[in-house]
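Novice:
Protein chains: 2
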Amino acid sequence: MSRAPKSAKAADRLIYLPLGGAGEIGMNAYVYGYGAPGKERLIVVDLGVAFPDMDTTPGVDLILPDIAWLEARREQIDAVFITHAHEDHVGAVGHLYDRLRAPIYARKFTGALARMKLDEHGAPESALRIVEKWPETVTAGPFTVGFVPISHSIPESAGLVIDTPEGRVIHSGDFKIDETPVVGEAFDRALWAEVAKPGVKALVCDSTNVFSPLAGRSEGTLSPAIEQFLRDATGMVVATTFASNVARLKTIAVAAERAGRSICLLGRAMRKMVDTAQSTGLLPDFPATVSPEDAAGMPRQNVLLLVTGSQGERRAASAQLAQGSYLGLSLKEGDTFLFSSKIIPGNERGVIRIMNALSEKGVDVVDDDGGKYHVSGHANRPDLAEMHQIIKPQFLIPMHGEHRHLREHVKLGAETGLQGIVAVNGMMIDLSGNAPKVAEYIDTGRTYLDGTVQVGSMDGIVRDRIRMALNGHLTVTMLIDENDEPLGDPWVELMGLPEVGRSKAPLVDVIEQDLSQFVNRANAKTLRDEDKLDKELKRIARQTASAEIGKKPEVTVVVSRLS
Amino acid sequence: MSRAPKSAKAADRLIYLPLGGAGEIGMNAYVYGYGAPGKERLIVVDLGVAFPDMDTTPGVDLILPDIAWLEARREQIDAVFITHAHEDHVGAVGHLYDRLRAPIYARKFTGALARMKLDEHGAPESALRIVEKWPETVTAGPFTVGFVPISHSIPESAGLVIDTPEGRVIHSGDFKIDETPVVGEAFDRALWAEVAKPGVKALVCDSTNVFSPLAGRSEGTLSPAIEQFLRDATGMVVATTFASNVARLKTIAVAAERAGRSICLLGRAMRKMVDTAQSTGLLPDFPATVSPEDAAGMPRQNVLLLVTGSQGERRAASAQLAQGSYLGLSLKEGDTFLFSSKIIPGNERGVIRIMNALSEKGVDVVDDDGGKYHVSGHANRPDLAEMHQIIKPQFLIPMHGEHRHLREHVKLGAETGLQGIVAVNGMMIDLSGNAPKVAEYIDTGRTYLDGTVQVGSMDGIVRDRIRMALNGHLTVTMLIDENDEPLGDPWVELMGLPEVGRSKAPLVDVIEQDLSQFVNRANAKTLRDEDKLDKELKRIARQTASAEIGKKPEVTVVVSRLS
Numbered sequence: 001m002s003r004a005p006k007s008a009k010a011a012d013r014l015i016y017l018p019l020g021g022a023g024e025i026g027m028n029a030y031v032y033g034y035g036a037p038g039k040e041r042l043i044v045v046d047l048g049v050a051f052p053d054m055d056t057t058p059g060v061d062l063i064l065p066d067i068a069w070l071e072a073r074r075e076q077i078d079a080v081f082i083t084h085a086h087e088d089h090v091g092a093v094g095h096l097y098d099r100l101r102a103p104i105y106a107r108k109f110t111g112a113l114a115r116m117k118l119d120e121h122g123a124p125e126s127a128l129r130i131v132e133k134w135p136e137t138v139t140a141g142p143f144t145v146g147f148v149p150i151s152h153s154i155p156e157s158a159g160l161v162i163d164t165p166e167g168r169v170i171h172s173g174d175f176k177i178d179e180t181p182v183v184g185e186a187f188d189r190a191l192w193a194e195v196a197k198p199g200v201k202a203l204v205c206d207s208t209n210v211f212s213p214l215a216g217r218s219e220g221t222l223s224p225a226i227e228q229f230l231r232d233a234t235g236m237v238v239a240t241t242f243a244s245n246v247a248r249l250k251t252i253a254v255a256a257e258r259a260g261r262s263i264c265l266l267g268r269a270m271r272k273m274v275d276t277a278q279s280t281g282l283l284p285d286f287p288a289t290v291s292p293e294d295a296a297g298m299p300r301q302n303v304l305l306l307v308t309g310s311q312g313e314r315r316a317a318s319a320q321l322a323q324g325s326y327l328g329l330s331l332k333e334g335d336t337f338l339f340s341s342k343i344i345p346g347n348e349r350g351v352i353r354i355m356n357a358l359s360e361k362g363v364d365v366v367d368d369d370g371g372k373y374h375v376s377g378h379a380n381r382p383d384l385a386e387m388h389q390i391i392k393p394q395f396l397i398p399m400h401g402e403h404r405h406l407r408e409h410v411k412l413g414a415e416t417g418l419q420g421i422v423a424v425n426g427m428m429i430d431l432s433g434n435a436p437k438v439a440e441y442i443d444t445g446r447t448y449l450d451g452t453v454q455v456g457s458m459d460g461i462v463r464d465r466i467r468m469a470l471n472g473h474l475t476v477t478m479l480i481d482e483n484d485e486p487l488g489d490p491w492v493e494l495m496g497l498p499e500v501g502r503s504k505a506p507l508v509d510v511i512e513q514d515l516s517q518f519v520n521r522a523n524a525k526t527l528r529d530e531d532k533l534d535k536e537l538k539r540i541a542r543q544t545a546s547a548e549i550g551k552k553p554e555v556t557v558v559v560s561r562l563s
Numbered sequence: 001m002s003r004a005p006k007s008a009k010a011a012d013r014l015i016y017l018p019l020g021g022a023g024e025i026g027m028n029a030y031v032y033g034y035g036a037p038g039k040e041r042l043i044v045v046d047l048g049v050a051f052p053d054m055d056t057t058p059g060v061d062l063i064l065p066d067i068a069w070l071e072a073r074r075e076q077i078d079a080v081f082i083t084h085a086h087e088d089h090v091g092a093v094g095h096l097y098d099r100l101r102a103p104i105y106a107r108k109f110t111g112a113l114a115r116m117k118l119d120e121h122g123a124p125e126s127a128l129r130i131v132e133k134w135p136e137t138v139t140a141g142p143f144t145v146g147f148v149p150i151s152h153s154i155p156e157s158a159g160l161v162i163d164t165p166e167g168r169v170i171h172s173g174d175f176k177i178d179e180t181p182v183v184g185e186a187f188d189r190a191l192w193a194e195v196a197k198p199g200v201k202a203l204v205c206d207s208t209n210v211f212s213p214l215a216g217r218s219e220g221t222l223s224p225a226i227e228q229f230l231r232d233a234t235g236m237v238v239a240t241t242f243a244s245n246v247a248r249l250k251t252i253a254v255a256a257e258r259a260g261r262s263i264c265l266l267g268r269a270m271r272k273m274v275d276t277a278q279s280t281g282l283l284p285d286f287p288a289t290v291s292p293e294d295a296a297g298m299p300r301q302n303v304l305l306l307v308t309g310s311q312g313e314r315r316a317a318s319a320q321l322a323q324g325s326y327l328g329l330s331l332k333e334g335d336t337f338l339f340s341s342k343i344i345p346g347n348e349r350g351v352i353r354i355m356n357a358l359s360e361k362g363v364d365v366v367d368d369d370g371g372k373y374h375v376s377g378h379a380n381r382p383d384l385a386e387m388h389q390i391i392k393p394q395f396l397i398p399m400h401g402e403h404r405h406l407r408e409h410v411k412l413g414a415e416t417g418l419q420g421i422v423a424v425n426g427m428m429i430d431l432s433g434n435a436p437k438v439a440e441y442i443d444t445g446r447t448y449l450d451g452t453v454q455v456g457s458m459d460g461i462v463r464d465r466i467r468m469a470l471n472g473h474l475t476v477t478m479l480i481d482e483n484d485e486p487l488g489d490p491w492v493e494l495m496g497l498p499e500v501g502r503s504k505a506p507l508v509d510v511i512e513q514d515l516s517q518f519v520n521r522a523n524a525k526t527l528r529d530e531d532k533l534d535k536e537l538k539r540i541a542r543q544t545a546s547a548e549i550g551k552k553p554e555v556t557v558v559v560s561r562l563s
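Here the protein sequences come in this chain order: A and B.
The letter at position 537 of the first sequence is residue 537 when you use full-length UniProt numbering, and the numbering goes up by one with no holes.
The letter at position 321 of the second sequence is residue 321 when you use full-length UniProt numbering, and the numbering goes up by one with no holes.
1) Which residue comes first and which comes last in the beta strand (DSSP E) that contains glycine 163 of chain B?
2) Using the C-alpha atoms, what's the distance from asparagine 356 of chain A back to aspartate 383 of chain B?
3) Which class does glycine 413 of chain B belong to by DSSP, given the choice of helix, strand or coil?
4) Serine 560 of chain A bridges to which residues according to DSSP?
5) In terms of alpha-carbon separation, which member of B/Ala505, B/Met468, B/His89, B/Leu327 lies closest to glycine 297 of chain B?
6) Tyrosine 105 of chain A and alanine 79 of chain A: beta carbons closer than 7 Å?
7) Starting from threonine 139 of chain B, follow its DSSP beta bridges and name the residues at the other end.
8) Taking a contact to mean a Cβ-Cβ separation below 7 Å, would you say valine 161 of chain A touches valine 195 of chain A in this structure?
9) Between arginine 467 of chain B and valine 557 of chain A, what straight-line distance do the alpha-carbon atoms span, to the nearest angstrom?
10) I'd like to know whether the C-beta atoms of tyrosine 34 of chain B and arginine 41 of chain B end up nearer to each other than 7 Å.
11) Between the stretch 351–374 of chain A and chain B, which residues of the former have CB atoms less than 7 Å from a CB of the latter, in chain order?
12) For alanine 256 of chain B, tell me which candidate among B/Phe286, B/Leu113, B/Asp275 has the shortest Cα-Cα distance.
13) Return helix, strand or coil for arginine 3 of chain B, following the three-state DSSP convention.
14) In angstroms with no decimal places, state the Cα-to-Cα distance between serine 2 of chain B and arginine 101 of chain B.
15) Near proline 135 of chain A, which residues of its chain fall below 7 Å by C-beta distance, leaving aside the five closest residues on each side in sequence?
16) For the stretch 464–475 of chain A, which residues have a CB atom closer than 7 Å to at least one CB atom of chain B, in sequence order?
17) Is the shortest distance between the beta-carbon of proline 436 of chain B and the beta-carbons of chain A less than 7 Å?
18) Give every residue of the same chain whose Cβ lies closer than 7 Å to the Cβ of glutamate 227 of chain A, excluding the five residues on either side of it in the sequence, and list them in chain order.
19) If we call anything under 7 Å between Cβ atoms a contact, is asparagine 471 of chain A one with lysine 538 of chain A?
20) Leaving aside the five residues before and after residue 568 of chain A along the sequence, list all residues of the same chain whose C-beta is less than 6 Å from its C-beta, in chain order.
21) Can you name the residues of chain B whose CB is closer than 9 Å to the CB of arginine 349 of chain A?
22) If you follow the alpha helix (DSSP H) that methionine 116 of chain A is in, where does it begin and where does it stop?
23) Can you name, in chain order, every residue of its own chain whose Cβ lies under 8 Å from the Cβ of leucine 497 of chain A, other than the five neighbours on each side?
24) Please identify, using Cβ separations under 9 Å, the residues of the stretch 107–129 of chain A that lie next to chain B, in order along the chain.
25) At what residues does the alpha helix (DSSP H) containing aspartate 98 of chain A begin and finish?
26) Give the list of continuous beta strand (DSSP E) stretches no shorter than 3 residues that lie fully inside the stretch 261–346 of chain A.
27) Would you please verify whether the beta carbon of alanine 8 of chain B is less than 7 Å from any beta carbon of chain A?
28) Hey, how far is the Cα of valine 148 of chain A from the Cα of isoleucine 421 of chain A?
29) Compare the C-alpha of aspartate 367 of chain A against each of B/Leu191, B/Ser212, B/Ala68, B/Pro52 and name the closest.
Written out as structure tokens, the structure reads:
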């Protein structure tokens, strides 16, 4: 492709297209392309997931990026690059591999976790390729891509250096400026300055913490407070954090060891992360752990449980310990529970539920406490400004943020004269010229993993479920004989609706009565007209329900015709 | 009742029974009783509501206290007292009046708002009685009750002084210690000390902010920052706060006037609150307001819209302005939106949705910003400790809080030697002796206003709706003829389910096929057995759905038998 004749070459362009993660936090998926419009060679950066909630996505198992646009251009894709192993960056690789079939590049630790996901979906061995860090690079069509270590809250995070015929692009990935990250590579100002030296066309940059005004703090600052906390506690201590925050796990485990406590890991994700970090050589000095059985037999003040469920997830170890017992371990008066984490907006109720369940057991709960026991993994406003100064890009393209974060990040860049643009999912940006500009709007949404099926967010399936949750459901059945005459009366069944309404008679009886009246008066034409009959039965059922109980249920009508 | 013979009198007791608001925040409803066990004369303090959410109460309109226990003892109730006009204290008076029919006592402003609710439910004029503040009192059976002004975030809040044969009880209501509350009565230490002087048996006390370590700040401190903010803003400014926070409305309106802006009130609740406060004489000096039409015609920098919807409510003025326009007013680049409020946990997503919609319009959003533009209406930890010291009660009974708040409040009291008890909804506490003790556990839950019907939270109605939201719904119908033979094949309809699953054929076809196979092989006995047939059809439909799409839907089966 890069050998096209000069005349065509003039029309080549460099594009950036977010399909997820821009205009939202989570579900990251970004496309870069280079070539003639419509014929660009493409690379994908990150394929993450978002998590469903009752408000908007009840019953959905996972939210995946809508890759219809990419799938239709599968032959143009040269590679997928994964910046780091957080679910919102790597979570969809297994679910989507078969639809793209492009090779996936990642560093060792990220790759080990991606491998498990790919295996679950039967992807071939060749699907995944492990890459060493910069200065090693991968050539993918017109792109040359390198993984530059960058500090974040999971090991081996990388910012990507993407060299293109239009110049160098830096895709930050999630990052913070942390010189003492406990596990993994420190933020290396000199390295980034060197990478930026030849000039950078665009910095595509994390925006998550743009509203946090103070400089971020290092993971390394937490250790003394956590150790003191573990020394002061008298009973058993349970600590929870994101399982993927391997540095935090180490900080807590080392502090526990110093405080004379044995460490017991609870929760599948917690054990998987520690195993993976150990097997990839990232945790050579993690303290020895004990089994739940052994922990249960020890004096309470000598035990530290390190558990999953910092976001109040109903089935995680935290929730189970709060509700009752877990693998033979249970909590009681005098024990302490530490949330070494922040609550992701939307998860407040779940976390509070656990805090109250612990309170009922007499367990003291300690949370973030103004940053004493938790630091964020993202660059705060002053750190973003510093990154801008290190990279000195021609364009600033904020990503990883809701609209308000992206907009604020553009404003922050403008303070030092950076040209920025708010690019949300589906906005294809042409980076070729002297200013970033919108080239096209791509129809894009979200894909729901619903049970085992991938469905579109606009398919109406989840909308119908939300309506049933709000309005209840009512089934109307009736029989029509060979002569198009009603056979017996319509029959009504309710689900999720009050049994008795305004007239104090059973709701089904009142609705059946109204339906019977209609059916008995209906003329043969109406009874023969399937659509009309269906519509009328639905209308009457809803109307009567509304009068009786003040709700208009969702209705399924089944008319059976004998013939 | 108070004239019972001495021998019976020996068994009389003073009880406290929370039916709402203890073990949760919201839906306040407390009972005090005095007399022989089971024959106590009763008074009720507050009848509030809680608000539903998609996670636990989809489709529910309001959550009311479960008053079954009270209703069964209606003849024993002498009065209902409402401490203040927040919905979580007064919201249920209209809905529940007819089930209790006890006279309701409130101060003037609270009463004016209660009156509207009672009128909506056709309660008689005599239902409501307006009370002057302490030292006026109301005698209700063995109780004498006075309304002592206390500062909070709504005018005319009162703590109740409840004199009983067992001594004085103080029921704080919601409160903070605020000496400059802008509207309404300042916290009066001397008055409370005087009230406490004869000795107080029990302080039943607000616990909402027990986890806030710093002393609370006065409403009066906000004014300079808000005025400066309104002066600095260049375009139109929209400010939102709780409509009931009349002091805040005044602070903002006066600041706007000083900053050269005309005030326009948007949202029904906002206008109702200002009207009620004005008509009850609480807002003699509220600045003049302009209509939306007039505001739309003014230079943008001369307008301040004061609007409802600080919690992201979908239909409130805030949401409508963020999405499009409202009463001819719309926002644009250069305008500013101020949240002079905090987000109540659980409402984060709704508020963030509005912030992003505003960002898309180019509107700058400013929120609480570390307390610069909002202060809480509840006493923080040091203020609670001060209240304990002013009242010096024999017992401390924390209320208005989740379990963790109540427990922490008991611990706070214990620091100065107070005897406390964690009493959650349904725990009847005997206050008669030398220590508070649990007398009985009352079965109590929540009542849902579902459309126009009151249903019990344990009735399974909402549970069925949640299940449909998670699992979708499937209808199976089939006909059986006069000879108990199947007539045609079973018929399947889906709602909220993917149309195609694993086998790439329509899901309805696959399920119908499996059902047909079963029906055709079923013996006459099975086909005659209504329960068994129903159960089998359900089982097969769920099993096939599970194999096809990985979900087990809720199923309605209708078998029509010709006879």
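Virtual Cβ for every residue (Gly too), placed ideally from N, Cα, C.
Specialist: Taking the structure as given:
1) Locating residue 163 of chain B in the second sequence gives position 163, counting from the first residue. According to the sequence displayed, residue 163 of chain B carries aspartate and not glycine. Residue range 158–164 is occupied by the beta strand (DSSP E) that includes aspartate 163 of chain B.
2) Here residue 383 of chain B refers to the residue found at position 383 when the second sequence is read from its first residue. Here residue 356 of chain A refers to the residue found at position 356 when the first sequence is read from its first residue. Roughly 23 Å between the two C-alpha positions.
3) Start at 1 with the first residue of the second sequence, and residue 413 of chain B comes out as number 413. The answer is helix: DSSP assigns glycine 413 of chain B an H, G or I state.
4) Within the first sequence, the letter at position 560 stands for residue 560 of chain A. Its beta-bridge partners are A/Leu479.
5) On the second sequence, position 297 is the one that residue 297 of chain B refers to. Closest by alpha carbon: B/Leu327.
6) As a position in the first sequence, residue 105 of chain A is number 105, starting the count at 1. As a position in the first sequence, residue 79 of chain A is number 79, starting the count at 1. Yes, they are a contact pair.
7) Here residue 139 of chain B refers to the residue found at position 139 of the second sequence. Answer is B/Thr144, bridged to threonine 139 of chain B.
8) Taking the first residue of the first sequence as position 1, residue 161 of chain A is located at position 161. Taking the first residue of the first sequence as position 1, residue 195 of chain A is located at position 195. A contact, by the Cβ cut-off of 7 Å.
9) What you label residue 467 of chain B is simply residue 467 of the second sequence in a count that begins at 1. What you label residue 557 of chain A is simply residue 557 of the first sequence in a count that begins at 1. In a straight line, the C-alpha of arginine 467 of chain B is about 21 Å away from that of valine 557 of chain A.
10) Counting from one through the second sequence, the residue named residue 34 of chain B turns up at place 34. Counting from one through the second sequence, the residue named residue 41 of chain B turns up at place 41. Yes, these two residues count as a Cβ contact at 7 Å.
11) Ile352, Met355, Asn356, Ser359, Glu360, Val365
12) One-based indexing of the second sequence puts residue 256 of chain B at position 256. The shortest Cα separation from alanine 256 of chain B among B/Phe286, B/Leu113, B/Asp275 belongs to B/Phe286.
13) As a working note, residue 3 of chain B is residue 3 in the second sequence. In this predicted model, arginine 3 of chain B has a pLDDT of only 47, less than 50, meaning its place in the structure is not dependable enough to derive any value.
14) Your numbering for residue 2 of chain B matches position 2 in the second sequence. Your numbering for residue 101 of chain B matches position 101 in the second sequence. Note that serine 2 of chain B has pLDDT 45, beneath the 50 cutoff, so the model's placement of it is unreliable and the number below is only indicative. In this structure, the straight-line span from the alpha carbon of serine 2 of chain B to that of arginine 101 of chain B is close to 22 Å.
15) As a first step, residue 135 of chain A must be located in the first sequence, where it is residue number 135. Excluding residues within five positions, the ones whose Cβ falls inside 7 Å are Gly146.
16) Asp464, Arg465, Ile466, Met468, Ala469, Leu470, Asn471, Gly472, His473, Thr475
17) The residue given as residue 436 of chain B occupies position 436 in the second sequence. So no, proline 436 of chain B is outside the interface.
18) Here the question's residue 227 of chain A lines up with position 227 in the first sequence. Cβ neighbours of glutamate 227 of chain A beyond the five flanking positions: Ala255, Arg258, Ala259.
19) As a first step, residue 471 of chain A must be located in the first sequence, where it is residue number 471. As a first step, residue 538 of chain A must be located in the first sequence, where it is residue number 538. The answer is no: Cβ separation not under 7 Å.
20) This structure leaves residue 568 of chain A out entirely; chain A is present only between 1 and 563.
21) Position 349 of the first sequence, counting from 1, holds the residue named residue 349 of chain A. By Cβ distance, chain B contributes Asp53, Asp55, Thr56, Pro345, Gly346.
22) As a working note, residue 116 of chain A is residue 116 in the first sequence. 108–120 is the extent of the alpha helix (DSSP H) around methionine 116 of chain A.
23) Position 497 of the first sequence, counted from the first residue, corresponds to residue 497 of chain A. Excluding residues within five positions, the ones whose Cβ falls inside 8 Å are Gly472, His473, Leu474, Leu507, Ala545, Ile549, Lys551, Pro553.
24) The stretch 107–129 of chain A vs chain B, Cβ under 9 Å: nothing.
25) Taking the first sequence and counting its residues from 1, the one referred to as residue 98 of chain A is at position 98. 93–100 is the span of the alpha helix (DSSP H), which, as asked, contains aspartate 98 of chain A.
26) 262–266, 303–307, 336–339
27) Residue numbering aside, residue 8 of chain B sits at position 8 when the second sequence is read from its first letter. No answer about alanine 8 of chain B holds up, because its pLDDT of 45 lies below 50 and its placement is not dependable.
28) The residue you call residue 148 of chain A lines up with position 148 of the first sequence. The residue you call residue 421 of chain A lines up with position 421 of the first sequence. Approximately 24 Å, taken between the alpha carbons.
29) Sequence index remark: in the first sequence, residue 367 of chain A carries index 367 (1-based). Ranking B/Leu191, B/Ser212, B/Ala68, B/Pro52 by Cα distance to aspartate 367 of chain A puts B/Ser212 first.
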